[in-house]
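Just so we're on the same page, this note's numbering is the position in the sequence shown counted from 1, plus 4.
Virtual Cβ for every residue (Gly too), placed ideally from N, Cα, C.
These figures come from a predicted structure and were not determined experimentally.
The structure appears below as structure tokens.
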Amino acid sequence: MNVYTSDVIIVGSGLAGLMAAELLSFHKNVIIVTKSEIEHSNSMLAQGGIAAVIDNEDDWRDHFLDTIRAGCYYNSEDATELLVKQGAYMIEKLEALGIQFDKNKDGKYVLGQEGAHMKRRILHAGGDATGKELTSKLISRVKQHVPIHAHVDAIDLIVDNNRCIGVMCIDENQQVVQYFAKHIVLATGGAGQLYSVTSNDSSITGDGMALAYRAGARLADMEFVQFHPTMLVKDEKGAGLVSEAVRGEGARLVTEDGKLLMEDKHELGDLAPRDVVAREIYQKVSQKQKVFLDIRSIKHFEKKFPSVTNLCRKAGIHIEKGLIPIAPGAHFVMGGVETNAQGRTSLNGLYAIGEVANTGVHGANRLASNSLLEGIVFANELAQTIVHAKENVLKPRMSPNVSSIKNYSHPLPTKNEIQAIMSNYVGIVRTKENLLQAMRWYELYKPLIQSKQYYELTSEEHTIRNMLTVGYLITASALCRKESRGSHFRTDFPLSNECWLNQTVYCSINKNGPFTLSKKDFVSNFVI
Ligand code: SIN
């Protein structure tokens with residue numbers, strides 16, 4: 005069996021993981037482990053930009069307010085303050101690494117507008133290809149000094165004496181490989197592939213969340229899954245994202261009979277928070293009506309939105325006609341592995357950054373273009389923490405699980421079946437009956453979901469196990485939260501309830517199912 009040791013192992017190669025690798029590699033030995041090509045990540049696909057307070061007319065307090073209003077006041081205020089205050093500093097840091105943000109002829113940043121932002125504060129690089137610009141630049145830097153192990157699937161964390169000391173993986177030849185490090189960082193992204201229509205890369209199947217859960221780390225807020233209102237649709241299937249920046253430039257949502265969809269629905273109209281817009285579109289789509297983005301008022305659309313133009317061309321949609329067919333799709337999980345602002349999880353030695361983590365900055369609904377910002381801000385916080393950490397001596401020790409490999413003989417569901425359950429029963433509009441129906445289905449797989457046991461499975465089967473685990477946690481958490489808030493909407497509890505504002509739904513394998521605690525009562529035990 006191949007065994008590697010290092011100071012830091014980073015699992016995942018999106019913006020957060022790459023940024024952490026870049027910053028840590030001057031001080032520590034780092035290895036990146038990633039399940040497909042390094043270029044495959046949600047960050048690479050990100051069309052939005054980075055929200056940052058750059059303009060003299062803007063203020064971190066305004067960005068803070070927009071973030072917590074979109075998050076339905078459920079955000080961690082401390083973490084959110086840190087996020088928005090670091091914006092301008094992190095943009096400078098990215099520029100020092102060679103990233104060029106779009107500027108006008110006078111050399112001023114071109115600042116875009118997206119849903120629920122009261123000010124224009126979104127920076128782009130390469131128009132609507134910001135994610136690609138950022139990640140490609142970081143990949144070219146990181147490749148020079150960090151070993152990247154691609155096509156290596158992380159399947160379980162190795163825990164010894166309540167400390168995470170490594171990651172068990174299988175390589176492309178289905179051979180087990182073990183990685184040991186003083187610091188294990190999850191940067192695996194979210195779980196969009198649990199749903200049939202999603203903006204996420206095909207590799208984004210909730211793996212980091214499932215690994216952390218099985219290892220005994222605490223997860224929080226899993227009921228909050230954001231649906232982006234405007235996924236391009238072709239033959240009822242998702243065909244890529246149409247950035248909210250398109251509405252920021254004046255596009256309007258219209259029904260098939262030409263009516264303005266968001267008229268009189270919200271004071272911000274087409275730029276209302278995503279959960280509000282997604283539910284309005286969902287109502288129409290579930291009545292078998294079509295919804296379009298009317299882009300006729302946008303001059304030089306192709307130049308401004310080259311990625312959207314390409315996606316439309318690939319899908320055979322003629323943007324010259326000015327109407328792009330859209331529907332909502334799973335986009336971002338606000339919940340995840342609970343961390344403090346430095347990325348520490350409740351399990352010693354284990355860290356999480358980016359979408360896999362739950363720092364509390366997004367509350368019940370993420371504000372547009374705050375996710376790339378989150379990735380770089382918390383990667384920076386994490387890097388500083390690890391660089392200054394008092395280090396334990398690393399004692400690689402074979403995972404006890406490996407010595408007791410079990411076979412799992414029951415048939416597993418397909419990805420499509422999981423996606424159908426999540427889309428039909430745990431989607432944009434939830435009912436108690438539907439959630440219970442999904443729970444009964446997940447019960448069939450409970451032994452696999454609730455077990456720390458290492459099973460001998462193929463890569464594909466490990467992915468299915470992870471999808472089942474995360475789907476179950478989202479469903480159980482959604483049943484637990486008896487109110488509607490942000491992205492979590494239940495027909496049986498259609499309103500927000502003050503009592504739930506301070507309640508968090510946590511998930512821990514050690515407690516066998518979700519449990520709620522008041523934020524105030526919760527005593528954090530983040531230790532290194
Ligand atoms: C978008 O461009 O609409 C997506 C950006 C984001 O989700 O932050």
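C-alpha gap between residue i and residue j, whole angstroms
i: D366; j: I72; result: Rather than Asp, the amino acid found at residue 366 in this sequence is His. Roughly 7 Å separates the two Cα atoms.
i: Y78; j: A368; result: 6 Å
i: P498; j: S488; result: 5 Å
i: P518; j: A219; result: 16 Å
i: I321; j: K294; result: 15 Å
i: F526; j: G431; result: Its pLDDT being 48, under 50, F526 is placed unreliably by the model, and nothing is read from it.
i: K141; j: A20; result: 13 Å
i: Q51; j: I36; result: 25 Å
i: Q179; j: E465; result: 14 Å
i: V15; j: L272; result: 39 Å
i: E260; j: F296; result: 7 Å
i: G244; j: P310; result: 13 Å
i: K263; j: K288; result: 12 Å
i: N529; j: V341; result: Only weak support exists for where N529 lies, its pLDDT of 47 falling under 50; the value from the coordinates is given anyway. Their backbone Cα atoms lie some 14 Å apart in a straight line.
i: Q104; j: K410; result: 51 Å
i: T234; j: G116; result: 17 Å
i: I425; j: A442; result: 6 Å
i: A387; j: K269; result: 44 Å
i: H128; j: V114; result: 8 Å
i: H44; j: T38; result: 9 Å
i: K147; j: K136; result: 16 Å
i: I285; j: C503; result: 29 Å
i: K97; j: S17; result: 19 Å
i: N514; j: D164; result: 16 Å
Check: residue i C-beta below 6 Å from any heavy atom of the ligand SIN
i: A219; result: no
i: G52; result: yes
i: S140; result: no
i: S373; result: yes
i: S535; result: A question about residue 535 goes unanswered here, because the residues of the chain that appear run from 5 up to 532.
i: S247; result: yes
Buried or exposed by the 16-neighbour rule on C-beta atoms within 10 Å, applied to residue i
i: M338; result: buried
i: V7; result: exposed
i: N166; result: exposed
i: H31; result: exposed
i: G102; result: exposed
i: V281; result: buried
i: S47; result: buried
i: R444; result: exposed
i: M172; result: buried
i: R65; result: exposed
i: S29; result: buried
i: E227; result: buried
i: M23; result: buried
i: G53; result: buried
i: Q423; result: buried
i: E248; result: buried
i: R485; result: buried
i: K107; result: exposed
Beta-carbon proximity list for residue i, same chain, < 7 Å, skipping 5 on both sides
i: E41; result: A154
i: K112; result: none
i: V531; result: Residue confidence for V531 is low, a pLDDT of 44 falling below 50, so the modelled location carries little weight; the figure read from the coordinates is stated next. Cβ neighbours of V531 beyond the five flanking positions: N352.
i: T84; result: F68, T71, I72 and V365
Closest Cα partner of residue i within the set the options
i: R222; options: A255, G347 and K307; result: G347
i: K394; options: I432, G364, S373 and N352; result: N352
i: C76; options: L354, G244 and L371; result: L371
i: G358; options: M213, G254 and D63; result: M213
i: E378; options: S481, N204, A191 and F184; result: A191
i: S427; options: S290, A356 and R124; result: S290
i: G326; options: K307, I302, N344 and K308; result: I302
i: K419; options: A55, S375, R125 and A195; result: A195
i: A345; options: H414, E43 and I390; result: I390
i: A56; options: N374, A480 and A133; result: N374
i: I126; options: H67, L257, V146 and K292; result: H67
i: T534; options: F336, R300, G333 and V360; result: Because the chain here runs from 5 to 532, residue 534 falls outside it and cannot be looked at.
i: E421; options: L439, L452 and G475; result: G475
i: E437; options: K399, T479, P417 and P415; result: T479
Sequence-distant residues of the same chain with beta carbon closer than 8 Å to residue i, five excluded per side
i: S500; result: C76, E487, S488 and R489
i: D160; result: V171, M172, L215, R218, A219, S403, N405 and Y458
i: T435; result: R494, T495 and D496
Cβ shell of residue i (< 6 Å), same chain only, five flanking positions each side left out
i: D211; result: T192 and N470
i: M5; result: V180
Heavy atom of the ligand NAD within 6 Å of residue i beta-carbon
i: L499; result: This structure lacks the ligand NAD; the ligands present are the ligand SIN.
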